[in-house]
Amino acid sequence: MRGHGFLLANYVPGNSFIHRSPLALKFLLVFACGLASFLVVDWRVSLAVLAALCGLFLLTGAGPKRLGRVVRPLFPVLLVIGLFQWWQLGAPTAGRIVLNILVCVVAASLLTATTPVQRILDGVVAAATPFQRFGADPERFALTIGVMLRSIPYIAGTFADVRDSARARGLDRNPRALVLPVFITSVAYARQTGEALAARGLGDAGDDGPGD
Amino acid sequence: MPVVAFDQVTVTVETDHSPTPKVLLDGVNLRLAERRVGVIGANGSGKSTLLRLVNGLIQPTAGKVAVDGDDTVRAVRKVRRSVGFVFTDPLSQLVMPTGREDVELSLRRSVRNGRERQAMAEAALDHLGLLPLADQSIYELSGGERQLMALAAVLAVNPSVLVLDEPSTLLDLRNRELLRHTLGGLEQQVIMSTHDLELALDMDRVLVIENGTVAFDGAPADAVAFYRALCLDGMRHPTGPATGPGTP
Chain A
16 MRGHGFLLAN YVPGNSFIHR SPLALKFLLV FACGLASFLV VDWRVSLAVL
66 AALCGLFLLT GAGPKRLGRV VRPLFPVLLV IGLFQWWQLG APTAGRIVLN
116 ILVCVVAASL LTATTPVQRI LDGVVAAATP FQRFGADPER FALTIGVMLR
166 SIPYIAGTFA DVRDSARARG LDRNPRALVL PVFITSVAYA RQTGEALAAR
216 GLGDAGDDGP GD
Chain B
4 MPVVAFDQVT VTVETDHSPT PKVLLDGVNL RLAERRVGVI GANGSGKSTL
54 LRLVNGLIQP TAGKVAVDGD DTVRAVRKVR RSVGFVFTDP LSQLVMPTGR
104 EDVELSLRRS VRNGRERQAM AEAALDHLGL LPLADQSIYE LSGGERQLMA
154 LAAVLAVNPS VLVLDEPSTL LDLRNRELLR HTLGGLEQQV IMSTHDLELA
204 LDMDRVLVIE NGTVAFDGAP ADAVAFYRAL CLDGMRHPTG PATGPGTP
C-alpha cells in the first residue's frame with residue numbers, strides 16, 4: 016500500500032495562531048464553510064474564501080507542498096463535476112460548485128493540519144456529552160470520527176493501488192476491474208479494523224465500566 | 004506469570020462446500036504458564052485460531068478458554084484488558100494517522116485526562132525507542148517500525164499477556180532482529196505464532212499445531228525438529244495427512 020497522507024492533511028506540529036486557536040473556533044470555521052457552500056451563489060465570493068483559506072493554511076507552516084497534496088487527488092473528480100455542471104447549468108455555477116468543494120476540503124484540512132487527532136476526538140466527546148442522556152456514547156462517537164479520518168486516505172490509496180494493477184493487466188478501461196476490488200478491499204479493511212479495535216477493547220459498549 | 008488454560012476446546016465453522024462444519028481446532032487441552040510460548044505449524048493448521056481464542060476474538064464452539072481464571076467469553080472485556088494482541092499486518096492494527104495518536108487511542112479507555120494520556124503515550128513510545136518517529140505518518144514508517152509502533156500501542160495499557168500472530172512475517176532481517184530483541188526484553192507473558200523457526204527457538208515452550216490439534220508440545224529445539232520432520236513427511240506423502248510421534 017502506498018503512503019496516503021492526502022485528502023485530509025495530517026497534523027503538522029507548530030505554534031502558529033491557527034494551532035493555538037480554540038478547537039471550537041476551528042470546528043465553527045469548517046461548519047461555516049460547509050454551510051456557506053449551500054448559501055454562496057457568486058463564484059467570485061467562493062474564490063475569495065478559497066484564497067483566504069489557502070492563505071491561512073500556508074500561515075500554519077504546513078507548506079504549499081502539503082496543500083498541493085490535499086487538493087491534487089480531487090482534480091479528476093472536480094473536472095468531471097465541473098464539466099457536467101457547465102453543460103447543465105453554465106460556467107458560473109460550475110465554477111462556484113467546484114470552488115465550494117475545494118473550500119470545504121481546505122477548511123477541513125486546516126483543522127486536521129493544526130489539531131492533533133486526539134484533541135479533535137476530545138472535542139467530539141465534549142460536544143457529544145450532552146447527548147449522553149439520550150443514550151449516546153460520546154467515546155464511541157469520537158472513535159467513529161477517528162476511524163473515518165484514517166479510512167478516507169486508506170480507501171483512496173486502495174483505489175490508486177487497484178488502478179495500477181488494472182493498468183498492469185491492461186484493464187484500466189474496465190470499471191468492474193476498478194470498482195469491485197476497491198469494494199472488496201474496503202470491506203476487508205473494515206473487518207480488520209473492527210477486529211483490531213475489538214482486540215484492544217475499544218468501542219465496546221460502556222468502555223469505562225468496571226468489567227465483567 | 005498468568006495462566007492461560009484451554010479446556011477441551013473445539014472450534015468449528017460452517018462452510019459452503021461441505022454439509023459438515025470444518026474443524027479448526029479439535030479438543031485442545033493446554034495450560035500455558037511459561038514466560039515465552041511459541042506456536043508453529045503449517046498455514047491453515049489452526050495457529051491463528053488458537054491465538055485469537057486467548058483474546059476472545061473467536062469463541063470456542065465447545066470447551067472453555069480462561070486467562071487467569073477469567074472466561075474469554077463471559078468476561079471478554081476483562082480478558083481484553085489483560086491480553087494485548089498484535090496482528091501480522093500492523094497497518095490493519097494502527098487505526099490512527101500517526102504512532103503517537105494510535106498509542107493515545109489505546110489509552111483513551113483508561114486515562115481520561117488529556118495531558119496525562121500524552122505523557123503516558125510518550126513514555127510508552129520512549130520505552131521502545133520510538134519517540135523520534137511518533138509524529139510521522141504510519142505510511143512513512145518501515146515495516147519493522149510499524150510493527151514496533153503497533154506493539155507500543157498494545158503495551159501502553161500494560162497487558163499481562165501479549166499475543167502475537169506471526170509478527171515477523173512481513174519484516175526483513177534487520178527489522179526481524181529489532182522485533183526479536185524487543186520481545187526478548189518484555190516482562191509480559193508472550194504467546195506467539197511464527198513461521199520463523201529461529202524466533203521459535205528463543206521461546207521457553209513451543210507447540211506444534213497440525214490439523215487443529217497439538218501435535219507436539221515441549222522444548223523449542225525438540226519442537227522445531229518435530230516440525231521439520233512433519234514437513235518433510237508431508238512432502239514425501241503429499242496426499243495423506245502428516246503423522247508424527249504425537250504429544251509427548
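In the order they appear, the protein sequences are chains A and B.
All residue numbers for the first sequence refer to this note's numbering, where the first residue is 16 and numbers rise by one.
All residue numbers for the second sequence refer to this note's numbering, where the first residue is 4 and numbers rise by one.
A virtual CB, placed ideally from N, CA and C, is assigned to each residue, including glycine.
In this text the structure is predicted, and so the values were computed from the model without any measurement.
Using 9 Å as the limit for Cβ to Cβ distance, is residue 22 of chain B near chain A? no
Identify whether residue 166 of chain B lies in helix, strand or coil by the three-state DSSP scheme. strand
List, in chain order, every chain A residue whose beta-carbon is nearer than 9 Å to that of residue 60 of chain B. Residues of chain A passing the Cβ test: 210, 213, 214.
Tell me, please, whether the CB atom of residue 171 of chain B is closer than 9 Å to any CB atom in chain A? Answer no: the Cβ-Cβ gap between residue 171 of chain B and chain A never drops below 9 Å.
Taking C-beta pairs closer than 9 Å, name the residues in chain A that residue 117 of chain B reaches, listed in chain order. 133, 134, 137
Less than 9 Å separating the beta-carbons of residue 26 of chain A and residue 131 of chain A? yes
At what residues does the alpha helix (DSSP H) containing residue 207 of chain A begin and finish? 190-214
Buried/exposed call for residue 47 of chain B, threshold 16 Cβ in 10 Å: By the beta-carbon neighbour count (other beta carbons within 10 angstroms, threshold 16), residue 47 of chain B is exposed.
On the CB-based measure, 16 or more other CB atoms within 10 Å of its CB, does residue 69 of chain B come out buried or exposed? buried
Partner residues on chain A for residue 200 of chain B, Cβ-Cβ distance less than 8 Å: Going along chain A, no residue has its Cβ under 8 Å from residue 200 of chain B, so there is no contact; the nearest lies around 26 Å.
Would you kindly report the start and end of the unbroken alpha helix (DSSP H) that includes residue 145 of chain B? Premise fails: residue 145 of chain B is in no alpha helix (DSSP H) and is neither H nor E.
Nearest to residue 62 of chain A (by Cα), restricted to the options A/118, A/54, A/143: Nearest C-alpha to residue 62 of chain A: A/118.
Short CB-CB distance (under 9 Å) between residue 161 of chain A and chain B: Judged by the 9 Å Cβ criterion, residue 161 of chain A is in contact with chain B.
Hey, how far is the Cα of residue 190 of chain B from the Cα of residue 152 of chain B? 18 Å
Can you check whether the C-beta of residue 217 of chain A is within less than 9 Å of a C-beta belonging to chain B? yes
Taking the beta strand (DSSP E) that residue 192 of chain B belongs to, which residues open and close that run? 192-196
CB-CB under 6 Å to residue 50 of chain B, same chain, minus the five flanking residues each way: which ones, in chain order? 42, 44, 196, 212
Residue 62 of chain A lies in the alpha helix (DSSP H); which residues open and close that run? For residue 62 of chain A, the uninterrupted alpha helix (DSSP H) segment begins and ends at 58-74.
Alpha carbon to alpha carbon, how far is residue 137 of chain A from residue 208 of chain A? 21 Å
For my contact list, residue 5 of chain B and residue 71 of chain B are in at a C-beta cut-off of 8 Å; report their separation, rounded to the angstrom. 5 Å
Using a C-beta to C-beta distance shorter than 9 Å, which residues of chain B count as neighbours of residue 164 of chain A? At a beta-carbon threshold of 9 Å, the residues of chain B lying near residue 164 of chain A are 99, 100, ordered along the chain.
4-residue-minimum alpha helix (DSSP H) runs that sit fully inside the stretch 84-161 of chain A, ordered along the chain: Fully enclosed alpha helix (DSSP H) runs of 4 or longer: 90-104, 106-129, 132-143.
Does the beta carbon of residue 188 of chain B come closer than 9 Å to any beta carbon on chain A? no
Could one say the Cβ of residue 145 of chain A lies closer than 9 Å to chain B's Cβ atoms, at least one of them? Cβ-Cβ to chain B under 9 Å: no for residue 145 of chain A.
Span separating the alpha-carbon of residue 176 of chain A from that of residue 203 of chain B: 35 Å
On the DSSP bridge list, what partners appear for residue 74 of chain B? B/69
Does DSSP put residue 187 of chain B in a helix, a strand or coil? helix
Closer than 9 Å to chain B by CB, residue 207 of chain A: Chain B, which has a Cβ nearer than 9 Å to the Cβ of residue 207 of chain A, makes this yes.
Among all the DSSP beta bridges, which residues are the ones paired with residue 9 of chain B? B/33, B/68
Looking at chain B, is there any beta carbon in it that lies within less than 9 Å of the beta carbon of residue 192 of chain A? Residue contact with chain B for residue 192 of chain A: absent (no Cβ-Cβ distance below 9 Å to any residue of chain B).
Can you name the residues that DSSP bridges to residue 208 of chain B? B/40
Quick one: does residue 18 of chain B have its CB under 9 Å from some CB of chain A? Taking Cβ atoms only, chain A never reaches closer than 9 Å to residue 18 of chain B, which makes this a no.
Can you tell me whether residue 179 of chain A is buried or exposed, with buried defined as 16 or more other CB within 10 angstroms of its CB? exposed
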